[in-house]
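Student: The listed protein sequences derive, respectively, from chains A and B. In terms of this note's numbering, the first sequence is residues 1 to 237. In terms of this note's numbering, the second sequence is residues 1001 to 1505. Glycine included, C-beta positions come from ideal geometry on N, C-alpha and C. Keep in mind that this is a model prediction, so the values were computed, not measured.
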Amino acid sequence: MRAVALAAALIAVLVAPRAVAAQVSHAAASTVSEPQGSVRQGPRPALPREPILRGYFMTDLASMTASDSFDAVLGSSRLVMRGGGGEVLHIWRGLFARAAFSAAREEGTRAIVVDNEVIPLDIPMTVEVSPLEIGGGWRFRPLAGGRLVPYVGAAVLRVGYRERSEFAVADDDVDATFTGRAFFGGLEAVIGGWVIVGAEVQHRSVPDALGEGGVSAAFRETDLGGSAIRFLVGIRR
Amino acid sequence: MRRSVWLLVLSAAAAAVLVGGSVPAPPLAAQQPDARRIVASDLRVERLTSIASAAASDLAYVPGQVAVKFRRGTSIVGQARALRGLRSRPAPTRLRWVGDVAVLTDMSEPDPAILARQLRLQREVEWAEPVYLRRRRAIPNDPSYVSLQWNLNAIGMPAAWDIQPGAASGVTVALIDSGLTNVDDTLLLPTWNGTSIQEVPVVVGVNPDVARDRIDPGFDFVFFSSGQPVIDFEGHGTHVAMTVGQEANNALFGAGLAYGARLMPLKACVGYWELQFVRSARGTPGYHPFDDTGFCPSDAIAEAIRYAADHGAQVINLSLSGPAASQVEREAITYAIGRGAVVVAAVGNGFEEGNPVEYPAGFGPEIQGLIAVGAVGRTLEHAFYSSTGSHVEVAAPGGDSRVAAPGTGRIWQTTLQFDDSLPGSATAPRFDRYEEVGLQGTSMAAPHVSGLAAMIIAQGVTRPAYVERIITRTARDLGDPGRDEQYGFGLVQARTAIFGMGLAR
């Protein structure tokens, strides 16, 4: 819910007049075409100098580093996280900043781990993972006639982790936040002049978040991070 | 109603005997048309006589009996050849089989250690050992009605029941002990009344605090030749069974841990009254010498373990122990675990008597799925009697009368009224009235773990080794950090074991 609100706010910012003007300028620059049949590549399109804001919705397909632990209680080590984010582009040349929030909520059962074998106990539990990502990166010169923009970056993560079990009493449940980092790289495309779509690969590391109890202790898994493929859809004008 | 009248008559007659001393009692048997006459052929006279003989000599084994295992593939001819190494040259047809182990009775050599040694010299024999006598491990006490069942809170039972209200429903727990009475009946049994042997009506009844449909028929390996009915003539087996599965939420007496479990009583132990009845059945006058712990021959224990495994028991409780390691028991335990049964054994009460390693609990560390249980008292400290050693795997409440107010530190469950069958004085004992009785011992600790094991199984864990690991890993560490010789991995925690683990906690 918070993710949706954040995304909506960012979209609202996007449609503000100042942002519109900036986007128009950017669109014009990014659609400069190269001469047909040239042997050497001509000069890449110039990047706009004025910072612009934009927002997007995203879906992360995350594969958790603590794969045995997640698999033990949820039946899978893959989480689908949904959320939204916003970016300030062209802070200085290709530099951009980003803030994004996503969340996953999965239901599973408590379990016992014996000799690395998992025995489910039929006691329902819920796991929620919600990373907040604040970072930035560098957008490279557009490719394919300005329609594709590659980028790389890094971010600080604040990952909220909640664990709720039926029959839980005090201290059985978990509600904690951990700090980690993420590195990412992706490719963004513009469709129809104002819709952006992108795919991004992330590697997240949230050390020492797990492993003190539960199945994560049995598997000696401590990292709440993982790898993720992010698909994003945003708008620009 | 008619039974009540007869009981009144019986009571009056018994009182007359007690008061009158040497006055011969009337022939009560003739006045009992409803009573079922039990004669010597109904009883396992030979086995009981051997036990009585051993008890009289304070032996730890049954005279003239050995358990022998022949090497794989040994034919009857080979078995006969091996048996010819003995003085009496018994035929293989004299062997009684307990699984793939044979029990031989050869009274020409009463010392079974010699018999076993002679057999081990034969190349067809893998091993041979005496039939040991195990002792039940409880210390009886006068009944009391104060501060009952601290033990259940100590291991987190209320919260465990919240998670599993059915409390091991659908799981069968075998209790290899002195029995858990499974019939209401009146039996005519011979006994000594102070002056003569006389048949007396012995009333037996089912404990009112356990639903009848939860009592499996079970089997009697030591008293009735037919194996039925199973009757507890002493109360130990009933007390242990009630710790496992006494009815709960019925406003009657107390509760057991796994009150939804099925209880399978397997009688492999005898006490004073069984030996007294058989003594009288054989025409021997007088009272049998009283021993308050009773006797459980290792071959009967092994038979019972195998029976339990073959008849669907998922947990087997052994609140008994003895100082000698028995292969026949070990193999039976391994067999049962292989069939999916968790075996729980008391480590023994000999801490202040030399602290020997006692068996079958002594096999605990070697056999995954066999759990060796020591005892703690109400303060959750090592109970004064509980044997210690590297074989102790977990601790459970067993009571400790030395560290609590009188009567409050024991384990209280519903069992037979001791006053109804006082050895050596009651001439017409009855075994149909129940009351809360406080006992202490590792016998009382073991059924806590059996009940917990049943609940874990009901939660979906079926491999015995896994059940053991769950119980030991979720135990609350007591004493020295980590595993130690007093508490093993610590005090079992029912709620923790049932609740399992989340992802991070």
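Put residue 1474(B) into one of helix, strand or coil per three-state DSSP.
Tutor: It is coil, neither helix nor strand.
Student: Fully enclosed by the stretch 1239 to 1284 of chain B, which alpha helix (DSSP H) runs are 4 residues long or longer?
Tutor: Segments of the alpha helix (DSSP H) lying fully in the stretch 1239 to 1284 of chain B: 1272 to 1281.
Student: Exposed or buried, what is residue 1216(B) when buried is set at 16 or more other beta-carbons lying within 10 Å of its beta-carbon?
Tutor: By the neighbour-count rule (16 or more Cβ atoms within 10 Å), residue 1216(B) is buried.
Student: Is the stretch 1298 to 1317 of chain B close to the stretch 1265 to 1274 of chain B, with three or more CB pairs under 8 Å?
Tutor: Because the criterion of three Cβ pairs below 8 Å is met, the stretch 1298 to 1317 of chain B and the stretch 1265 to 1274 of chain B touch.
Student: Pull up the distance between the alpha-carbon of residue 1501(B) and that of residue 111(A), whole angstroms please.
Tutor: C-alpha separation (whole angstroms): 5 Å.
Student: Compute the Euclidean distance between the alpha carbons of residue 1231(B) and residue 1205(B), then round it to the nearest angstrom.
Tutor: Distance between the alpha carbons of residue 1231(B) and residue 1205(B) is about 9 Å.
Student: Can you find the residues in the same chain that come closer than 8 Å, C-beta to C-beta, to residue 123(A), ignoring five residues on each side of it along the sequence?
Tutor: Counting only Cβ-Cβ distances below 8 Å, and skipping sequence neighbours, we find 109, 110, 165, 166, 167.
Student: Tell me the rounded alpha-carbon separation between residue 131(A) and residue 1238(B).
Tutor: Their Cα atoms are separated by approximately 58 Å.
Student: Throw me the rounded Cβ distance for the residue 1246(B) and residue 1210(B) pair, which I believe falls under 8 Å.
Tutor: Correct: roughly 6 Å between the Cβ atoms.
Student: Is residue 1391(B) helix, strand or coil when you go by DSSP?
Tutor: The answer is coil: DSSP assigns residue 1391(B) none of H, G, I, E or B.
Student: Just by C-beta distance, which residues in the stretch 1473 to 1487 of chain B are closer than 7 Å to chain A?
Tutor: Under the 7 Å Cβ criterion, the stretch 1473 to 1487 of chain B contributes no residue.
Student: In angstroms with no decimal places, state the Cα-to-Cα distance between residue 97(A) and residue 125(A).
Tutor: Residue 97(A) and residue 125(A): Cα-Cα distance of roughly 36 Å.
Student: So, does the stretch 223 to 234 of chain A touch the stretch 56 to 68 of chain A, judging by three or more C-beta pairs under 8 Å?
Tutor: Verdict: yes, contact present.
Student: Quick check on DSSP: helix, strand or coil for residue 1491(B)?
Tutor: In the structure shown, residue 1491(B) sits in a strand (DSSP, three-state: E or B).
Student: Are the C-beta atoms of residue 129(A) and some chain B residue less than 7 Å apart?
Tutor: By this cut-off, residue 129(A) is not an interface position.
Student: In terms of alpha-carbon separation, which member of 1374(B), 1061(B), 1353(B) lies closest to residue 1319(B)?
Tutor: Comparing Cα positions, the closest option is 1374(B).
Student: So, for residue 1464(B): in the same chain, excluding its five sequence neighbours on each side, which residues have a beta-carbon less than 6 Å away from its beta-carbon?
Tutor: Excluding positions up to five away in sequence, the list reads 1337, 1342, 1369.
Student: Can you give me the C-alpha to C-alpha distance between residue 1355(B) and residue 1203(B), rounded to a whole angstrom?
Tutor: If you take the alpha carbons of residue 1355(B) and residue 1203(B), they lie about 40 Å apart.
Student: Would you mind stating whether residue 219(A) and residue 69(A) have Cβ atoms separated by less than 7 Å?
Tutor: In contact: residue 219(A) and residue 69(A) (Cβ atoms closer than 7 Å).
Student: What's the call for residue 117(A), buried or exposed, on a 16-neighbour Cβ count within 10 Å?
Tutor: By the neighbour-count rule (16 or more Cβ atoms within 10 Å), residue 117(A) is not buried but exposed.
Student: Mind checking if residue 81(A) is an interface residue toward chain B, Cβ cutoff 7 Å exclusive?
Tutor: Chain B, which has no Cβ nearer than 7 Å to the Cβ of residue 81(A), makes this no.
Student: Note down the Cα distance separating residue 1272(B) from residue 73(A), rounded to an integer number of angstroms.
Tutor: If I take the Cα positions, the gap works out to 54 Å.
Student: Using a Cβ-Cβ distance under 7 Å, would residue 1504(B) count as near chain A?
Tutor: Yes - at least one Cβ of chain A is within 7 Å of the one on residue 1504(B).
Student: Report yes or no: do the stretch 1360 to 1368 of chain B and the stretch 1401 to 1420 of chain B share at least 3 C-beta pairs separated by less than 8 Å?
Tutor: As far as the Cβ criterion goes, the stretch 1360 to 1368 of chain B does not touch the stretch 1401 to 1420 of chain B, which means the pair count is below three.
Student: For a contact defined as C-beta to C-beta under 7 Å, what are the partners of residue 1459(B) on chain A?
Tutor: Residues of chain A passing the Cβ test: 121, 122.
Student: Leaving out the 5 sequence neighbours to the left and right, which residues in its chain are closer than 8 Å to residue 1390(B) when beta-carbon positions are compared?
Tutor: Only 1365, 1485 meet the Cβ criterion.
Student: Going by DSSP, name the residue or residues bridged to residue 80(A).
Tutor: 61(A).
Student: With H, G and I counted as helix, E and B as strand and the rest as coil, what does DSSP make of residue 1318(B)?
Tutor: It is a strand residue.
Student: Quick one: residues in its chain with C-beta nearer than 7 Å to the C-beta of residue 985(B), no 5 flanking neighbours on either side, listed in chain order?
Tutor: Outside the modelled stretch of chain B, which goes from 1001 to 1505, sits residue 985(B), for which no answer is possible.
Student: Quick one: residues in its chain with C-beta nearer than 7 Å to the C-beta of residue 176(A), no 5 flanking neighbours on either side, listed in chain order?
Tutor: Once the five neighbours on either side are set aside, the close Cβ partners of residue 176(A) are 161.
Student: Does the distance from the C-beta atom of residue 1444(B) to that of residue 1399(B) stay below 7 Å?
Tutor: Yes, Cβ-Cβ distance for residue 1444(B) and residue 1399(B) is below 7 Å.
Student: Taking 6 Å as the limit between beta carbons, can you name the residues of its chain near residue 1190(B), skipping five residues before and five after?
Tutor: Once the five neighbours on either side are set aside, the close Cβ partners of residue 1190(B) are 1197, 1199, 1280, 1281.
Student: Could you check how far apart the C-beta atoms of residue 114(A) and residue 1466(B) are, in whole angstroms? I think they sit under 8 Å.
Tutor: Right, the Cβ-Cβ distance comes to about 5 Å (below 8 Å), so this counts as a contact.
Student: According to the Cβ coordinates, are residue 185(A) and residue 201(A) closer than 7 Å?
Tutor: Result yes, Cβ atoms of residue 185(A) and residue 201(A) sit closer than 7 Å.
Student: Beta-carbon of residue 1162(B) versus every beta-carbon of chain A: anything under 7 Å?
Tutor: It does: the Cβ of residue 1162(B) has a partner Cβ on chain A nearer than 7 Å.
Student: Grab me the residues of residue 190(A)'s own chain with a C-beta within less than 6 Å of its C-beta, minus the 5 sequence neighbours each way, in chain order.
Tutor: 147, 196, listed in sequence order.
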